[in-house]
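The sequence shown stops at residue 1105 when you use our numbering, and every number in between is there.
Here a beta-carbon is modelled for each residue, glycine too, at the ideal position from N, C-alpha and C.
Just so we're clear, the structure is a prediction, and the values are computed from it rather than from any experiment.
Here is the structure we will look at.
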Amino acid sequence: MISGQGAQLSVTASDIRLHYSPLCASLRGEAPTIAVADVTGVSLVEPTAYLGGHVLLRYAPEGQEETEIAVPFAPQRAAEAREFAEAVEAARRGESIAEEAQPAAPGFAGLTFSAVNIAAANAEQGSICQIGLASVRDGELRSHTQWTCRPPEGLDEFDPRMSAIHGISAEDCEGLPRFAEVWPEVAKAIGSDVLVAHRAQFDLAGLHAAWRASGIPVPELHYGCSHILALHAGLPLTRTRLSDLCEHLGVEAPEHHDAESSAIACARMILALAGLLHPEASQLSVVELFASRGLLLGVSTEDTLYPVLADAFHRADAEASRSAGEESSTPDSRCIASPPDGAGQAGTDFRSGGRSGTKNAGAAGRGGGSGRRSARWSRVAQPETIPDPNPDADPEGELYGQNVTLSGDFAPYDKGELWDALAERGASIGKNVTKKTTLLVAGPWGKKTSKHKRAEELQEKGQDIRIWSAEELYTALGLSRHVDEEPPF
């Protein structure tokens, strides 16, 4: 298949088929199938970085007058437009049409999810002007499409800086349905799937805001983040942008800031990670994939968007078990919910079990406290890879441009996930307090840490460093703090 704008295109030796998305079908009518023998001419107007293009097909079915159809392509999709035009010309010359190369798929039964990517009209969360979706069924990429729309009313002013990034302008969206009108079709395509996105907090926060601005009841759903999964996969990474990770995993990189192309790349990256992490498995759900790396899926509820998190309690139990020389079970049942209405889906309760099992609690006790100390230090350990600041973050955001260092214990949140959330908002991460540091977040610890002391020293010398509590950070990130309770999902 070749991706057109709102349609999937296929060319064989005998015919040309256009497979419209439901929205395009409602606007354009039934998609035609054109016999190659009836084609009388092909002309190409290539898309540019900012303007769409098309392939014009002229054809004359036997006994009928010549007619024509313009097959549109979105901005920045010149390669697809050329590929389609060349395939049609090759078929007219009688040349054999090569079968479309399919990415290697693990073929995991149960690995079913939808990858999503959004484009925003401006820096306001919820100003969605394009949604890309790629659907994976049992470990195979089955379909992908995108919807271009007007953002919700009140969020529909286009920032030229954003348009320069993704190539979508107010003129491109003029007369198109608003987000609220296309969302039912998107929701139908997603069904009960777990959503996956790259730097998912950005996409899900955008959807959350768009639902609210449009008066749409916020659906309860579960989501994963390909960026976080890659960071926990043990890969030797120095950069963690989607294009860099795709290159490392041998996945085709997305077209620059194109929603559909980015969703496809995200889906293929999840498949590549599944094959890398579980090469011998024949069945695997997306919940199990994330749980196998000690990760809990994020949850969207009407009131709150909970991020993808490392299961700190699961890690602590595993550390305690290792200290006592015992095996720990992975994935933990608390990370895998009973799938509703189909294999591979996430349930609504990720932590149905207690905070720690009897076996592990005993193991920690037998260790004379060493297991508890190891678990405590494991919670504050810093990841090796520092995420890059999100270049598309809101420049007016409180954390944008800050150089942030974390110190102390942030359980039940993992420092890696907090780093990701900070980077998503445009902050730079520092492992230590330096003269570049502008914000130290001091989590709970038995005494004042060396980083905390260093920040106070630099404050006394006149450096502009703010010192936040963990609760202030959670508030800025929109997270919840539940002391001595299970995480609320």
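- With a threshold of 16 other CB atoms inside 10 Å of the CB of residue 916, please say whether the residue is buried or exposed. Counting from one through the sequence shown, the residue named residue 916 turns up at place 300. Buried: at least 16 other Cβ atoms inside 10 Å.
- Message: For residue 1069, count the other beta carbons within 10 Å of its own beta carbon; 16 or more makes it buried, fewer makes it exposed. Which is it?
- Response: The residue labelled residue 1069 in the question sits at position 453 within the sequence shown. It is exposed - the Cβ of residue 1069 has fewer than 16 other Cβ atoms within 10 Å.
- Cβ pair count under 8 Å reaching 3, the region 1077-1095 against the region 1050-1064: These segments touch.
- Quick one: what does DSSP say residue 768 is sitting in, helix, strand or coil? The sequence position of residue 768 within the sequence shown is 152, counting from 1. It is coil, neither helix nor strand.
- Kindly list the residues whose CB is nearer than 6 Å to the CB of residue 633, restricted to its own chain and excluding five residues on each side of it in sequence; keep chain order. For the purposes of this step, residue 633 is taken as the residue at position 17 of the sequence shown. Cβ within range, chain order: 626 and 649.
- Where does the unbroken alpha helix (DSSP H) through residue 817 begin, and where does it stop? Sequence index remark: in the sequence shown, residue 817 carries index 201 (1-based). Start and end: 816-830.
- Does DSSP classify residue 1095 as helix, strand or coil? Here residue 1095 refers to the residue found at position 479 when the sequence shown is read from its first residue. Correct three-state label for residue 1095: coil.
- For the alpha helix (DSSP H) holding residue 800, just list the boundary residues, first then last. Here residue 800 is taken as the residue at index 184 of the sequence shown, counted from 1. Boundaries of the alpha helix (DSSP H) around residue 800: 795-806.
- Three-state class that DSSP yields for residue 762 in the structure shown: If you number the sequence shown from 1, residue 762 lands on position 146. Strand at residue 762.
- Query: In this structure, does DSSP put residue 864 in helix, strand or coil?
  - Reply: One-based indexing of the sequence shown puts residue 864 at position 248. Helix, per DSSP.
- May I have a chain-ordered list of the alpha helix (DSSP H) segments no shorter than 4 residues that lie completely inside the region 851-912? Taken in chain order, the complete alpha helix (DSSP H) segments of 4 or more residues contained in the region 851-912 are 858-865, 875-893 and 902-907.
- Query: Alpha carbon to alpha carbon, what distance is there between residue 1042 and residue 1011?
  - Reply: Taking the first residue of the sequence shown as position 1, residue 1011 is located at position 395. Taking the first residue of the sequence shown as position 1, residue 1042 is located at position 426. Approximately 8 Å, taken between the alpha carbons.
- Message: In whole angstroms, give me the CA-to-CA distance for residue 738 and residue 774.
- Response: In the sequence shown, residue 738 corresponds to position 122, counting from 1. In the sequence shown, residue 774 corresponds to position 158, counting from 1. C-alpha separation (whole angstroms): 6 Å.
- Item | For residue 834, three-class secondary structure by DSSP | Position 218 of the sequence shown, counted from the start, is the residue given in the question as residue 834. Of the three classes helix, strand and coil, the one that applies to residue 834 here is coil, per DSSP.
- residue 708 lies in the alpha helix (DSSP H); which residues open and close that run? The count along the sequence shown starts at 1 and reaches residue 708 at position 92. Taken as a continuous stretch (DSSP letters only), the alpha helix (DSSP H) holding residue 708 covers 694-708.
- Count the other C-beta atoms from every protein chain shown that fall within 10 angstroms of the C-beta of residue 817, then say buried if there are 16 or more, exposed otherwise. Numbered from its first residue, the sequence shown carries residue 817 at position 201. When all chains shown are included, residue 817 counts as buried.
- Message: Give me, in chain order, the residues of the same chain whose beta-carbon lies closer than 7 Å to that of residue 722; leave out the 5 immediate sequence neighbours on both sides.
- Response: As a working mapping, residue 722 is identified with position 106 in the sequence shown. Reliability of the predicted coordinates at residue 722 is poor, the pLDDT of 42 falling under 50, and no value is obtained from them.
- Query: In or out: residue 731 buried (at least 16 other Cβ within 10 Å) or exposed?
  - Reply: As a working note, residue 731 is residue 115 in the sequence shown. So residue 731 counts as buried.
- With 16 as the cutoff for other CB atoms within 10 Å, does residue 804 come out buried or exposed? Reading the sequence shown from its first residue, position 188 is the one you call residue 804. It is exposed - the Cβ of residue 804 has fewer than 16 other Cβ atoms within 10 Å.
- Closest to residue 1093 by CA distance: which of 1013, 810 and 704 is it? On the sequence shown, residue 1093 is found 477 positions in, with the first residue counted as 1. Comparing Cα positions, the closest option is 1013.
- Item | Candidates 1024, 1019, 802 and 1031: closest to residue 1001 by CA position | Walking along the sequence shown from the start, residue 1001 turns up at place 385. That would be 1031, whose Cα lies nearest to the Cα of residue 1001.
- Query: Whose CA, out of 779, 810, 675 and 621, lies closest to the CA of residue 762?
  - Reply: For the purposes of this step, residue 762 is taken as the residue at position 146 of the sequence shown. Checked all of 779, 810, 675 and 621; the closest Cα to residue 762 is 621.
- Item | Which residues DSSP lists as bridging residue 733, in chain order | Here residue 733 refers to the residue found at position 117 of the sequence shown. Its beta-bridge partners are 748.
- Report the three-state DSSP secondary structure of residue 684 (helix, strand or coil). Counting from one through the sequence shown, the residue named residue 684 turns up at place 68. DSSP places residue 684 in strand when its eight states are reduced to three.
- State the beta-bridge partners of residue 626 as determined by DSSP. Here residue 626 refers to the residue found at position 10 of the sequence shown. Paired residue(s): 633.
- Alpha carbon to alpha carbon, how far is residue 838 from residue 711? Numbered from its first residue, the sequence shown carries residue 838 at position 222. Numbered from its first residue, the sequence shown carries residue 711 at position 95. Cα to Cα, residue 838 sits roughly 47 Å from residue 711.
- Query: Can you tell me whether DSSP reads residue 1035 as helix, strand or coil?
  - Reply: The sequence position of residue 1035 within the sequence shown is 419, counting from 1. Reduced to three states, the DSSP call for residue 1035 is helix.
- Task: Please determine, among 679, 1015 and 1060, the residue with the shortest C-alpha to C-alpha distance to residue 1045.
- Result: The residue you call residue 1045 lines up with position 429 of the sequence shown. With distances taken between Cα atoms, residue 1045 lies closest to 1015.
- Message: Contact between the region 815-829 and the region 1020-1040 is defined here as three or more beta-carbon pairs at a separation below 8 Å; is this criterion met?
- Response: The answer is yes - the region 1020-1040 touches the region 815-829, with three or more Cβ pairs under 8 Å.
- Task: Check whether the Cβ atoms of residue 674 and residue 684 sit closer than 9 Å, and answer yes or no.
- Result: Here residue 674 refers to the residue found at position 58 of the sequence shown. Here residue 684 refers to the residue found at position 68 of the sequence shown. Against a cut-off of 9 Å, the Cβ pair of residue 684 and residue 674 comes out as a contact.
- Message: In this structure, how does DSSP classify residue 784 when only helix, strand and coil are distinguished?
- Response: Stepping through the sequence shown from its first residue, residue 784 is reached at position 168. It is coil, neither helix nor strand.
- So, using beta-carbon positions, are residue 878 and residue 858 closer together than 9 Å? Reading the sequence shown from its first residue, position 262 is the one you call residue 878. Reading the sequence shown from its first residue, position 242 is the one you call residue 858. Residue 878 places its beta carbon less than 9 Å from that of residue 858.
- Item | For residue 1082: DSSP bridge partner residues | Numbered from its first residue, the sequence shown carries residue 1082 at position 466. Among the bridge pairs identified by DSSP, residue 1082 is matched with 1055.
- Message: On the criterion of 16 or more Cβ atoms from any shown chain inside 10 Å, does residue 680 qualify as buried, or is it exposed?
- Response: Taking the sequence shown and counting its residues from 1, the one referred to as residue 680 is at position 64. Classification of residue 680: exposed, given that the 10 Å Cβ count is below 16.
- Message: Relative to the C-alpha of residue 1023, which candidate in 1003, 1006 and 1066 has its C-alpha closest?
- Response: Sequence index remark: in the sequence shown, residue 1023 carries index 407 (1-based). Taking only the C-alpha atoms, the option nearest residue 1023 is 1066.
- Start and end residues, beta strand (DSSP E) containing residue 676: As a first step, residue 676 must be located in the sequence shown, where it is residue number 60. Note, residue 676: premise wrong, no beta strand (DSSP E); not H, not E.
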